[in-house]
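Written out below as C-alpha cells is the structure these notes cover.
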Amino acid sequence: MKAAPNVPHASAFHAPNPSHYTRLLFSCSSTKPSFPQRFEAKGKTAKMKDSAETDPIAESLNLLSTLLDSELPSVTNFKGKWSLAGVKLTHLQTHLTDFSAEFPNASTTNPLSLHLLHSISHTLHEAVLLARTCQPQHLPNGKLKTQSDLDSLLATLDRHVTDCDILFRSGLLLESAAVSSSSKREAIRSASRNLITRLQIGSPESKTSAMDTLLGLLHEDDKNVTIAVAQGVVPVLVRLLDSPSDMKEKTVAAIAKVSTVESAKTVLLAEGLLLLNHLLRVLDSGSGFAIEKSCIALQALSLTKDNARAIGSRGGISSLLEICQAGTPGAQASAAAVLRNLAAFAEIRDNFAEENAVVVLVALASSGTASARENAIGCLSNLISEADSDGFSNLRVMVVKEGGVECLKNYWDSGTPIPSLEVAVKMLRHLAESAAIGEVLIGEGFGQRLVGVLNCEVLAVRIAAARAVDAIGLNSGRARKEMGELGCVSGLIKMLDGKGAEEKEVSAMALSVLLMHPANRKVFRKDERGVVSGVHLLNPSLQGLDKKYPVSLLASLVHSKSCRKQMVAAGACVYTQKLVEMDVPGSKKLLESLGRGKIWGVFSRP
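The sequence shown maps to residues 506 to 1111 in our numbering.
This is the structure we're talking about:
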C-alpha cells in the first residue's frame, strides 16, 4: 500500500460564509497560455494590455474576421490543419455573435464569462501570429516546432468552443450578479451552478480552485450537498475522475462526501459501472487519502446486488482485504464496511472464501479501531449467516479455529457501546446455528452476556439477543437450562409487551424454545404477565407477527391448570378459533387443549 501523501483531509476545507459567496464564487486563477509564447512581436505586450480595456467580444470578433478573411487564405503550410482550425474558428465566431446578441452585458457583469472571453482573445492573438508564420514558403521556426504549436492551438480552440457551449447551457449568464441580496439557499444554489461550470471550463488551475471551493461548500452543511446534487454536480465529478492525481484525489473526496448524504445516494448509483470502475482503480493505485475516500464512496455503491457482483468480479474484494491489512486506520474501517455490505449477498461469498478473508477479518476485528472492529465482525457475521449449507458451516468452523470466539468475547467485554454490540450479538447467533459451536459458546459465558443485553435500552440489540437465545437453545438442552437459570426468561417476558411487532415475535420465538425445559416453565408461570401477554399476541388484529410462535409458547403451558384458566380468561379461545380458520400451525391443537380444559371443569368435584 502506498503511503498517504501530504494531502489535506477533506474536513480541512472550509466553505466561506454565505455573505462571502459573491466575492468568492467567480474567483479564477489566471489562465496560462494554451501553448508556449514562442512568437516575439514588438508591441505585443502593449496590445494585450490595451485589449483588457476594450470589449473582449468585439475584439475577438475582429480577430476572427482577420483570421478567416485574410490570414487563413494566405497560409501555404499545413493547409489541412488550418482548414480544421477554420471550422473551429467559425464555430467560435457563431458562439461569440450569439453571446453578444443575447447577453450584451455579460462581459462586464459576469466575472466567469469575462475570464473566458479574455482567454479567447488571448488565444486568437496567438492564432494570428501563428498563421502569419505559416504563410511564407519556408517556415521561420521549423516544421516540427510549428506543427506542435498548431496542434496545441487546435486543442485550445476546441476547448474554447466547448467552454462557450457549457457556459451558455449553465444558465449563469441569465442570473443577476447581485447574489448577496438573495436568500442563503438561493446563494448556495447559485454558488453550486457557478462552481459546476468552473469545473468544466478554463485552465487546470482554475478547475482546481473551483474544486477546493466546492469541497468547502459540501462540508459546510449536508443541505449544500443536496443542493449541489440537484444542480448536477455528480456527473461532472465522475468525468473529472480522469484528471491528474491531485485533482483526482479532490474529486474522490467530493464524491465521498456526496455518498454520505442519504438523498444523494440514488444519483451516485445512477452513474453505474463508470463510477464504480474509477473508484476500484483508486483502491489499487491511489494514495492513502484517496483510498480512504474511495472506500467511503463504495460503501454507498455496494448496497445493490449488481454493484456487489461487479466489485467481486473485478478483484475488488482482494483489494479491500489488502487495505484491511495494510491501509491507514480510516481506510481499514471503510474497507471493512464495504466488505460487510458485500458479504450480505450470498452469491458474492465464494469470493471471500477464495481470498482467505476470514483470517484477515478476524485479525482486524482483534486489533483495529473501534469502527474497523465493528465492521469486521459485521462482515464475519454476514459471511456465516446461512444456516443450511455445508459451505457456511465450514466457514463457521474456520472462524472459530482462527480465534473468532475469543475475538468476539474481547469485543463484547471491551466497553463497546451498546448500539455497536448488535453486530456481535448477530455473529453469536450465526455461530450458534452450529450445535457444536453453540455448546462452546455457552461454555465461554455468552449466556450471561446475552442476559445483559436482553434488558438494554436499544431495540435492535434486544431483538438480536432474543434471536441468539433462540439459536443457542434450539440445539442444546444444557443451553436452555443454563440460560433459564441466568434469567433469560424474565427478560424475554418483558419483551412480549414490547412496542414493535418484531420484538414481540422474537421474544415469543425464543421463549417457545426455552420453555422446552421444565424448570423454565416454572419460572414463566410465576410471572403474572407472561400468560396474558402471550395470549394478547394471538389477536389476529395484531399485524406483522407470525402467530405460530405465541401458539407454540402457549401450547407448552396449556397442560398447567392455572395457566389454562388464565388463557381462557384472557380470551385465548376466541383468538385461537380465528387462528384455526387462518390455518396457523399448532392453533387447532391448542384450541382442542383449551376445550378439554373446559370439559374437565364441568365434571370437577364440588
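Even for Gly, the Cβ is constructed at its ideal location relative to N, Cα and C.
Residue i in three-state terms, based on DSSP
i, result
"H808", "This sequence places Leu at residue 808; His is not what is there. Reduced to three states, the DSSP call for L808 is coil."
"K1004", "coil"
"P1045", "coil"
"H783", "helix"
"V489", "What the structure shows of the chain is the stretch from 506 to 1111, and residue 489 is not part of that stretch, so it cannot be assessed."
"Q736", "coil"
"T874", "coil"
"M903", "helix"
"G793", "helix"
"V1056", "helix"
"V1063", "coil"
"A1015", "helix"
"G992", "coil"
"G920", "coil"
"D975", "helix"
"M752", "helix"
"D1051", "coil"
"A483", "One cannot answer for residue 483 here, as it falls past the ends of the chain, which runs 506 to 1111."
"K1093", "helix"
"G777", "helix"
"M1072", "helix"
"E891", "coil"
"N980", "coil"
"L745", "helix"
N- and C-terminal bounds of the alpha helix (DSSP H) containing residue i
i, result
"A769", "Unbroken run through A769: none, as it is neither H nor E."
"P1023", "P1023 to K1031"
"A715", "P709 to E725"
"E949", "No alpha helix (DSSP H) holds E949; DSSP gives it neither H nor E."
"M932", "E927 to A937"
"P561", "P561 to T571"
"S579", "Taken as a continuous stretch (DSSP letters only), S579 belongs to no alpha helix (DSSP H), as it is neither H nor E."
"E691", "K689 to R703"
"V1085", "A1077 to E1086"
C-alpha distance - residue i paired with residue j, whole-angstrom precision
i, j, result
"E891", "H935", "8 Å"
"L622", "I562", "7 Å"
"S695", "L933", "52 Å"
"I796", "K810", "22 Å"
"L1096", "P1055", "13 Å"
"P924", "V738", "35 Å"
"S688", "N729", "14 Å"
"I942", "F1029", "28 Å"
"L594", "L644", "23 Å"
"K648", "L635", "12 Å"
"L1020", "A802", "47 Å"
"A870", "L825", "15 Å"
"M988", "V1036", "20 Å"
"T713", "R703", "9 Å"
"S1067", "S886", "42 Å"
"C800", "S839", "5 Å"
"L1047", "G1076", "14 Å"
"V1089", "S1065", "23 Å"
"T1081", "R1034", "19 Å"
"G978", "G873", "32 Å"
"L1001", "E859", "43 Å"
"V994", "D975", "12 Å"
"R967", "S1012", "9 Å"
"V930", "L964", "13 Å"
"V904", "S748", "42 Å"
"S919", "E725", "35 Å"
"A841", "A692", "39 Å"
"L808", "D855", "18 Å"
"S570", "S823", "59 Å"
"V956", "V1040", "24 Å"
Close Cβ partners of residue i (< 7 Å) along its chain, the five nearest in sequence each way excluded
i, result
"G1049", "A1006"
"A805", "S764, K770 and L773"
"E576", "V633, A636 and R637"
Other residues of its chain near residue i: CB distance less than 6 Å, five sequence neighbours each side excluded
i, result
"S1061", "L1020"
"C912", "V867, A870 and S871"
"L742", "T756, A759 and I760"
"E1008", "I968 and M1000"
"Q1071", "V1036"
So within the stretch 800–865, which uninterrupted beta strand (DSSP E) runs reach at least 3 residues, ignoring any that extend past its ends? none
At what residue ranges does the stretch 599–665 contain a whole run of the alpha helix (DSSP H), taking only runs of 4 or more? 611–614 and 616–638
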